[in-house]
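Under this note's numbering, residues -5 to 118 are what the sequence shown spells out, in order.
Notes follow once the structure below has been shown.
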Amino acid sequence: MVDDSTSTVEGDEFELYDLRVEVVESERPFVMHAKKGDYFDVIGGRVVFPEGNPSFSLYGLLAVLPFIPAKQRPTHPHDWMTTDSLIASTDPACGARFRITRLARRKLHHADFSVLPLAGAEDA
């Protein structure tokens, strides 16, 4: 456990977007345990489920997980990761689609996510 009073080094901040991952309609039926409007948020390094609906389709989660770290990071305005937000189900017969929406940017600290020191941090 890291002591919060010493967990940050000056200059160890970085920013990530909070995200919302939501099931959206498509023209084809769903073949998984997902329904329009189901969602979860990604806040920093945590997956947060809404109160009263603490579950999400495992297969839906598998479809979106590879995109989450890239969508959390600031990207160039012309990068497809900036503009594209719909992810298809991994099952080609399933019509489920998942929208990843960037919410607010959040400042985080390296020391809260890694035990490895930043280069030069030992001199601080």
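From the three backbone atoms N, C-alpha and C, an ideal C-beta is built for every residue, glycine too.
### Message
Please classify L10 as buried or exposed, where buried requires at least 16 other C-beta atoms within 10 Å of its C-beta.
### Response
Walking along the sequence shown from the start, residue 10 turns up at place 16. When all chains shown are included, L10 counts as buried.
### Task
Using beta-carbon positions only, say whether G31 and E16 come within less than 9 Å of one another.
Mapped onto the sequence shown, residue 31 falls at position 37. Mapped onto the sequence shown, residue 16 falls at position 22. The answer is yes: Cβ separation under 9 Å.
#### Entry: For L97, the first and last residue of its enclosing beta strand (DSSP E)
As a position in the sequence shown, residue 97 is number 103, starting the count at 1. Element bounds for L97: 91 to 103.
### Query
Do R93 and I81 have their C-beta atoms closer together than 9 Å?
Position 99 of the sequence shown, counting from 1, holds the residue named residue 93. Position 87 of the sequence shown, counting from 1, holds the residue named residue 81. Yes, they are a contact pair.
### Task
State the Cα-Cα distance for the pair R67 and R91, rounded to the nearest angstrom.
In the sequence shown, residue 67 corresponds to position 73, counting from 1. In the sequence shown, residue 91 corresponds to position 97, counting from 1. Between R67 and R91, the C-alpha separation is close to 22 Å.
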